[in-house]
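There are 4 protein chains.
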Amino acid sequence: MAGNTYGSSFRITTFGESHGKVNGVVMDGLPSGLMVNEKEMSDDLILRKPGKKYSTKRNEDDIPEIISGIFNGKTTGAPLTIIFHNMDVESSYYERNRFFPRPGHADLPAMIKYGYDNWDFRGGGRLSARETVSRVVAGSVARKLLLLKGIVVAGCVSSLGDMEFGMVSLEDCLSSRRRELRTPSDSYEKIAEGLLQKIISENDSVGGSVQIIVRGVPAGLGEPVFDKLKANIAYAMLGIPGSTYFEMGDGLKQSRSRGSEMMDKIVNRDGKYSWVKNHSGGILGGIATGDDIFFRIGFKPTSSIPRVHDTVDIRSGSAVEIKIVGRHDPSIVPRAVAVAESMACILILDQLMLSGEFRKPITDDENRIMNELWKTYQRVESK
Amino acid sequence: MAGNTYGSSFRITTFGESHGKVNGVVMDGLPSGLMVNEKEMSDDLILRKPGKKYSTKRNEDDIPEIISGIFNGKTTGAPLTIIFHNMDVESSYYERNRFFPRPGHADLPAMIKYGYDNWDFRGGGRLSARETVSRVVAGSVARKLLLLKGIVVAGCVSSLGDMEFGMVSLEDCLSSRRRELRTPSDSYEKIAEGLLQKIISENDSVGGSVQIIVRGVPAGLGEPVFDKLKANIAYAMLGIPGSTYFEMGDGLKQSRSRGSEMMDKIVNRDGKYSWVKNHSGGILGGIATGDDIFFRIGFKPTSSIPRVHDTVDIRSGSAVEIKIVGRHDPSIVPRAVAVAESMACILILDQLMLSGEFRKPITDDENRIMNELWKTYQRVESK
Amino acid sequence: MAGNTYGSSFRITTFGESHGKVNGVVMDGLPSGLMVNEKEMSDDLILRKPGKKYSTKRNEDDIPEIISGIFNGKTTGAPLTIIFHNMDVESSYYERNRFFPRPGHADLPAMIKYGYDNWDFRGGGRLSARETVSRVVAGSVARKLLLLKGIVVAGCVSSLGDMEFGMVSLEDCLSSRRRELRTPSDSYEKIAEGLLQKIISENDSVGGSVQIIVRGVPAGLGEPVFDKLKANIAYAMLGIPGSTYFEMGDGLKQSRSRGSEMMDKIVNRDGKYSWVKNHSGGILGGIATGDDIFFRIGFKPTSSIPRVHDTVDIRSGSAVEIKIVGRHDPSIVPRAVAVAESMACILILDQLMLSGEFRKPITDDENRIMNELWKTYQRVESK
Amino acid sequence: MAGNTYGSSFRITTFGESHGKVNGVVMDGLPSGLMVNEKEMSDDLILRKPGKKYSTKRNEDDIPEIISGIFNGKTTGAPLTIIFHNMDVESSYYERNRFFPRPGHADLPAMIKYGYDNWDFRGGGRLSARETVSRVVAGSVARKLLLLKGIVVAGCVSSLGDMEFGMVSLEDCLSSRRRELRTPSDSYEKIAEGLLQKIISENDSVGGSVQIIVRGVPAGLGEPVFDKLKANIAYAMLGIPGSTYFEMGDGLKQSRSRGSEMMDKIVNRDGKYSWVKNHSGGILGGIATGDDIFFRIGFKPTSSIPRVHDTVDIRSGSAVEIKIVGRHDPSIVPRAVAVAESMACILILDQLMLSGEFRKPITDDENRIMNELWKTYQRVESK
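Okay, here's the thing in structure tokens:
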């Protein structure tokens, strides 16, 4: 089966492995005339970037190179292909441990699926989260187009371990772009920093969740029955490495509540209908209501903690202990925000295109507007 | 867009409305030679059936009629089409209230999407959960084929409101088939009955969750990256009416835990590798591990509680109060179990077929085996 | 595999067998608000109808019954499902000859694929051209929507055996609707009648070709590379029973010519660019040019001629002679025109929807316009 | 829309432009364990290569570089990505003539679709036949896997202008690999050389056709109704640049014949059923019969002949004459053979995978067998 393509009208195909030559993405279906450049893409890429205080020390330079689809700085309607040359790949640990699948990783099912001898085990190969660099750059391109339609996608870390960061607004999410741990406020950031330092000192890791808010999606987007907008979002989010649950709106709370507690009111706000409480998170019956769409994705704690893990030697089938060493993130959640945002951007763009948007070339005026909005939107000071 | 088709190699298309002539389903891609009959399908349909003590009083007879794809009692390789004639449809309430969208339903987004004048508002039209009768009958056919491969799909209600039914085994799930409220034990059933009686007496409703366990899926099924097996499951489950969250394995707990708490061990059990704790719910990196696959789906409380709801009159845009009357389920969760099981059966069959299974006609021997297993499997005494 | 669904944004799924209960089609993705009624559909169905002078005597009543997707005479946005109850099905010939596959039919590959015991051999089962009644009714619905965009699809018989009917205009095609043999002029009709009478008297059959012209497709529709508009048309046309070749524009002639003979000129006609000779048939590089799209489909002579055919007895594998008796068309080509037109309508509608058209409900004004155009378009006097 | 991806279980996505940095292809769905190397791929690439006596003088080095999906010389189950660095790209002609669309090319529809300012006109950009280098390398990989199943795909030039090369056997097709003009015999090659020299001297070009034979496809492959095997082949072939018609088996002849002339016989040849005349080209009702599958694709004469062409200046809309200069092939047909073969290989592999084949890793033994067969198959002396 061929599972490396996502989307329908806007369709991305990613390729590459953790320790291979490159990672990359083909973006198909983009309108022509869209200004794109490698520098601009870095604004989002940096938010996924490791090598900062609380994440892996791997020196991923993450410099995008456009190898097709562009002419005079604009898209042409042809597939836009971007690659990242992999650097700083040291595979000796993986070579030494290739017969000992790590319990919390997909090593063993991958070995079974692809054959013990065939799969590229170095750094998790194709199954490494390194692949998400391709998603983030594609999301970055999609995000620009969404801005043109007045749609803003923003996210933040909404919980770390048992620490909940409470109700989060779109502004909180946007503000998180300047915080390394992507928390919704400066005070939460301090708390999160303290937690992660403790986690690191204990050779441990911690799970958490990401909140995404999408403002500006027109009412009526999405389909009822199987292809519900929320089903599409769930699919995109559960395709992110390490994801473990998906909650639409106040979904968890709803499942634990009475109908009388979850009653909502439709009101008319200057001609726009709106739900006062929006428990459903902006989607009813699979169709966008026009209110903010919001959802949460849970992530598990990093499995590769530097402890002794019990596993098997696949040559003999006998039990063996392995010690995982080297760099790892105390939590993948802060970096997952950029990935979840990107998948949301890609998905919403695809749905908009299916509904008939972006069917004409982008004009110079539109490019100007997008570039303005982009600058406003990007306030990343955490370089 | 066309969102009424689900699946790839095994593909179902449903049609029909709550108060229209029929509901139905076209099943495409089934192997030829499979014995099917309308009577057998009723075993699963009855579990979704309303008209029992704690659910709507609508007299849905749910009698399946096969109108294509069968010859001498067996599938032919042509699309298997099954319809249900709708009965007992009284639309006067909906006629009277057609301009007042119900806040917790998709009435208003549907009106916006399809046009105030066009959409079939009677009983929610296409967006009614009545549509799920088609999914259950398709799941029933898929389930038989899964049994042939040693795969069992079973589910139960795992929580109602704030009442949790704890860890649930496959056997608990299977046992729930003989309980009207689909709880995992007789004692839980009593508690649930008490809760629902209270809910009814208070003109209220309650949310909850469904647990599904799939045993026997071969290690290696599913793809990494976008098309992860867990992403596919999330898509299928969030496509069920009223669903609000999806949790893979111990996903919620994982997101709140330390890596050290979630460490797992791979062990060799007589030549089969297995994870001792299976926190990931039988899927790692999007690929089945060979262990039990388990997940949970959350459902919101029924919105149509018999109270006064605040909404708008779409003719004038002004505020209006409506009183919802008539039958409603105090909780949709018990009936949702059959729907979630069915979607799981359909999905796993599709994935198996994509991986190369069921590519030859079913033999008489295989039919015999399936019929035996079916009888063992079906122990429904709650008629 | 599941091959009974066609299309992407506008998607049809057909079901049913020649001698089964029904034939039918689910149309998914139609805009809401479109007026449809069973009577109107008959205008196109009659052109496919057998039971006339030169075709099978089977009494196919072809009365469409809408069983879902309609409310107050208009589409709702839900799947529009239409069934035809099969009548006049006499299977005794097929029962007697079930072990003797007919050489020019798909009997033997179907037996191999589905199992000798499983496939529904009666009248060819699912592989019968009876299935095309579903396509014609779907095409009829699609055609109305195309009229709204100023797109006209028309076809005629362009050759019968070695008899060529020369260059054909859109008007010729439209005029063929009132001729039983769908030839482009009254004089050709006489000739064709003479040919078919001779063919019948000689217990023979004859092949031929259908020409389709599509006027009004906007320049720019379609994609380059794999998903070319002409590739999509070829796929749709080679999916018609009995089809044997596909020619885009002057394709056959082009392949036999010099570049100097096939040179074309682009001219500016009042602001609209046009190709003077249009050898390419309105598509260049897979993209519509804005000129008329035209193409031809070849059909083989009916295989079931009343002669002795050499085949095998699949029980023993030994040679056997069979005599085919009963009704058959001396040529399927006249009836194939309606099917090819319908597939063209379905395909163009799907492509238009992918390009962003028909994304809003149909208004009353639009319905009025379509109904006017429909009446103008339908001038069928050959009842 | 996103039209740069082909296939379902085996899925290729191509990218790149004529004068851009690279051309390339992502192959998704390949089994793991397959030995591939860049040198081997050259065997097929050379057959598409220009720069020989009768084709363009462009120095396309066509050196494939694998940038993902490989580990220790074998596929890993991850996407296999191959790029070609473009060289020898001189765009000044296109710069000078960018406002004058060439009549026989897709320049004008592409300008309309993508915007006059946006599309990459250099060498036809994405619409250049340069893109087919990606298809040929993908076809080369697919071809190896087909050999393992005993399936051979071979083609040759079957006509040039009005010169027909008669009935062609599989052996003739294979032998054509050592002839520059891909004709089926040495004597035809001489004739073709004479014709092309004349064509060149007259500043002209000529169309023609390609015949493809596929031996070894198992009976039962393919689906009836819409997704017929022949419909899939037609789609793949009409997606090749310059293609103008598609003929399945003796399709053209069949459309001009009587049923009595086209009667066929099924015979039992040592347990394998076969059709004596195989007029249908190995497919009946959309399903493979087990006999040789054969078909023809027509190609138009190269449009870019060095003459004066009448077109428009898109800035003013006024008429203008252009002189096309520089290299061009007198006929694209010889080079199209490799492309048509490749698309056939890709398609058949995809269909086989959909039917359940190649679902396990390739073993060392299988690699050995394939490498042996590959050597036997490749007898290219025309370097």
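Protein chains in written order, with the numbering used here: chain A, 1 to 383; chain B, 384 to 766; chain C, 767 to 1149; chain D, 1150 to 1532.
Built from N, CA and C at the ideal position, the CB exists for glycine as well.
Just so you know, these numbers come straight off a predicted model, no measurement behind them.
Margin query: Using a 10 Å radius around the Cβ and a threshold of 16 neighbouring Cβ atoms, would you call A/M87 buried or exposed?
Written below: exposed
Next item on the list: Identify whether D/I1161 lies in helix, strand or coil by the three-state DSSP scheme.
Entry: strand
Check: If you draw a straight line from the alpha carbon of C/C922 to that of C/P875, how long is it in whole angstroms?
Finding: 32 Å
Notebook entry, point to check: Using a beta-carbon distance below 7 Å, is D/R1508 in contact with chain B?
Noted result: yes
Next item on the list: Identify which residue in C/D1030, C/G927, C/V1091 and C/I917 has its Cα closest to the Cα of C/L936.
Entry: C/I917
Next item on the list: With DSSP collapsed to three states, give me the class of A/I240.
Entry: coil
Next item on the list: Check whether the Cβ of D/S1504 lies closer than 7 Å to any Cβ atom in chain B.
Entry: yes
Checklist line | Sequence-distant residues of the same chain with beta carbon closer than 8 Å to A/G73, five excluded per side | finding: M35, V36 and N37
Notebook entry, point to check: Where DSSP assigns a beta bridge to C/Y772, which residues make up the other side?
Noted result: C/I778
Next item on the list: Can you tell me which of the three DSSP states C/K879 falls into?
Entry: helix
Item checked: Neighbour flag for A/G239 against chain D, beta carbons, 7 Å -> no
Next item on the list: List the endpoints of the continuous alpha helix (DSSP H) containing C/T898.
Entry: T898 to L914
Checklist line | Cβ pair count under 8 Å reaching 3, the stretch 719 to 736 of chain B against the stretch 619 to 626 of chain B | finding: yes
Next item on the list: Measuring alpha carbon to alpha carbon, tell me which of A/I332, A/R315, A/R256 and A/N268 ends up nearest B/T694.
Entry: A/N268
Note to self: Which residues in chain B have a C-beta closer than 8 Å to the C-beta of A/P103? List them in chain order.
What the structure shows: M646, D647, K648, I649 and W658
Checklist line | Environment of B/T396 [buried if 16+ CB atoms lie within 10 Å] | finding: buried
Margin query: How far does the beta strand (DSSP E) with A/S158 in it extend, from its first residue to its last?
Written below: V152 to L160
Check: C/F992 touches chain B at which residues, Cβ-Cβ below 9 Å?
Finding: Ordered by position in chain B, no residue passes the 9 Å Cβ test against C/F992, which lies about 19 Å from the chain.
Notebook entry, point to check: Which value, in whole angstroms, describes the spacing of the CA atoms of A/N97 and B/I649?
Noted result: 15 Å
Next item on the list: Just the C-alpha distance for B/R505 and A/V137, rounded to the nearest angstrom, thanks.
Entry: 46 Å
Notebook entry, point to check: Starting from A/P334 and walking both ways along the alpha helix (DSSP H), at which residues does that stretch end?
Noted result: V333 to L354
Next item on the list: Measure from the C-beta of D/S1181 to each C-beta in chain A and report whether the shortest distance is under 7 Å.
Entry: yes
Notebook entry, point to check: If you drop the 5 nearest sequence neighbours on each side, which residues of the same chain put their C-beta closer than 6 Å to that of C/S906?
Noted result: M807 and D810
Checklist line | Boundaries of the alpha helix (DSSP H) in which A/Q378 is found, first to last residue | finding: Segment: none, A/Q378 is in no alpha helix (DSSP H) and carries neither H nor E.
Checklist line | 4 or more residues per run - each alpha helix (DSSP H) lying fully within the stretch 284 to 322 of chain A | finding: none
Item checked: Helix, strand or coil at B/G506 [DSSP, three-state] -> helix
Check: What's the C-alpha gap between B/K655 and A/V26?
Finding: 39 Å
Item checked: Contacts that D/N1520 makes with chain A (C-beta to C-beta distance below 9 Å) -> In chain order: nothing, as chain A lies at least about 17 Å away.
Next item on the list: Within 10 angstroms of the Cβ of B/V720, are there 16 or more other Cβ atoms? Answer buried if so, exposed if not.
Entry: buried
Next item on the list: State the Cα-Cα distance for the pair A/P361 and D/K1198, rounded to the nearest angstrom.
Entry: 34 Å
Check: So, helix, strand or coil for D/V1374, using DSSP?
Finding: helix
Notebook entry, point to check: According to a CB-to-CB cut-off of less than 7 Å, which residues of the stretch 1256 to 1273 of chain D neighbour chain C?
Noted result: L1257, P1258, A1259, I1261 and K1262
Next item on the list: Kindly say whether D/A1380, judged by its beta-carbon, lies nearer than 7 Å to any beta-carbon of chain C.
Entry: yes
Check: How about D/F1249 and D/I1442: are their beta carbons less than 7 Å apart?
Finding: no
Notebook entry, point to check: Which class does A/M41 belong to by DSSP, given the choice of helix, strand or coil?
Noted result: helix
Check: Of all the CB atoms in chain A, is at least one closer than 7 Å to the CB of D/S1217?
Finding: yes
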